[in-house]
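Numbering (the working numbering), first residue to last: 3 to 187.
Heads up, the beta-carbon is just placed ideally off N, CA and C, and yes, glycines get one too.
Everything numeric in this text was worked out from a predicted model, so none of it was measured.
(1) If I measure Cβ to Cβ from residue 183 and keep anything under 7 Å in the same chain, skipping five residues before and after, which residues do I get?
(2) How do the region 90 to 97 and the region 51 to 63 stand: do at least 3 beta-carbon pairs fall below 8 Å, yes or no?
(3) Taking all protein chains shown into account, decide if residue 97 is buried (16 or more other Cβ within 10 angstroms of its Cβ) or exposed.
(4) Bridge partners for residue 1 per DSSP, in chain order?
(5) When we look at the beta-carbon of residue 170 and count the other beta-carbons within 10 Å, is it buried (16 or more) or exposed?
(6) Does DSSP put residue 131 in a helix, a strand or coil?
(7) State the Cα-Cα distance for the pair residue 108 and residue 48, rounded to the nearest angstrom.
(8) Buried or exposed: where does residue 119 fall if 16 or more other Cβ atoms within 10 Å of its Cβ makes it buried?
(9) Quick check on residue 21: does DSSP put it in helix, strand or coil?
(10) Alpha carbon to alpha carbon, how far is residue 81 from residue 176? Give it in angstroms, no decimals.
(11) With three or more beta-carbon pairs closer than 8 Å as the criterion, would you say the region 71 to 80 touches the region 115 to 133?
(12) Taking residue 39 as the reference, give the member of 156, 67, 28 and 59 with the closest Cα.
(13) Tell me the rounded alpha-carbon separation between residue 173 and residue 30.
(14) In angstroms with no decimal places, state the Cα-to-Cα distance between residue 70 and residue 33.
(15) Going by the CB atoms, is the gap between residue 178 and residue 114 shorter than 7 Å?
(16) Among 59, 16, 153 and 28, which residue has its Cα nearest to the Cα of residue 110?
(17) Threshold first: 4 residues or longer. Then list the alpha helix (DSSP H) segments lying entirely within the region 19 to 104, N to C.
(18) Taking residue 103 as the reference, give the member of 138, 20 and 85 with the closest Cα.
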């Protein structure tokens with residue numbers, strides 16, 4: 003499959019895993035034979051004063067799945083350095099048809115840009131579905147790879163983030179976006 007291919011898959015087997023130990027805590031990746039299925043981030047309310055550094059990583063897979071996990075680690079390393087990277091294969095298991103539609107649209111949002119929940123709803127052709135879009139963002143199993151951090155409140159405030167607002171601020175800063183209002187919501 004080409005980089006950035008995403009597949010809907012519901013498999014019954016145990017996913018392969020990779021762990022990254024960073025200066026902010028442990029990041030866990032999971033994948034199926036078709037792509038990354040999950041990214042768990044340590045909770046971070048405010049971005050720490052120190053930069054995010056990858057200390058070590060381990061992969062509990064062999065063969066193609068090890069390659070998929072390694073591609074996920076490489077992607078995160080580039081993102082954490084503020085660089086653009088090729089999106090690895092994603093396997094969007096467990097999402098409803100609506101969630102998958104929102105997630106696909108999130109992956110089309112340009113790096114360094116932000117959109118409101120309403121604007122994202124309009125982009126998928128459902129302008130009155132802003133709250134449902136927010137729920138789909140909260141259900142995102144692969145944050146950073148599916149960039150729900152690029153979605154903000156209509157008033158210009160940052161809004162929430164499943165793994166803490168510190169991640170959202172950090173990721174937008176890494177993408178060189180500085181247009182957020184300083185107002186806390």
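Taking the geometry as given:
(1) Low confidence applies to residue 183: its pLDDT is 45, below 50, so where it sits in the model is not reliable, and the reading given next is rough at best. Non-local C-beta neighbours of residue 183 in its own chain, meaning closer than 7 Å and more than five positions away in sequence, comprise 158 and 159, ordered along the chain.
(2) No, because fewer than three Cβ pairs between the region 90 to 97 and the region 51 to 63 fall closer than 8 Å, the two stretches do not touch.
(3) Classification of residue 97: buried, given that the 10 Å Cβ count is 16 or more.
(4) Shown here, the chain extends from 3 to 187; a query on residue 1 therefore has no answer.
(5) When all chains shown are included, residue 170 counts as buried.
(6) Of the three classes helix, strand and coil, the one that applies to residue 131 here is coil, per DSSP.
(7) Approximately 24 Å between the Cα atoms of the pair.
(8) Burial check for residue 119: the Cβ neighbour count within 10 Å reaches 16 or more, so the residue is buried.
(9) Judged by DSSP in its simplified three-state form, residue 21 adopts strand.
(10) When rounded, the separation of the alpha-carbon atoms in residue 176 and residue 81 is 7 Å.
(11) Result no; under three Cβ-Cβ pairs closer than 8 Å.
(12) For residue 39, the closest C-alpha among the options 156, 67, 28 and 59 is that of 67.
(13) Taking the straight line from one Cα to the other gives about 17 Å.
(14) C-alpha of residue 70 to C-alpha of residue 33: approximately 7 Å in a straight line.
(15) Inclusion of residue 114 and residue 178 in the CB contact set at 7 Å is warranted, their separation being smaller than that value.
(16) Nearest option by C-alpha distance: 153.
(17) With a minimum length of 4 residues, the continuous alpha helix (DSSP H) runs that stay inside the region 19 to 104 are 66 to 82.
(18) Among 138, 20 and 85, the Cα nearest to that of residue 103 is on 138.
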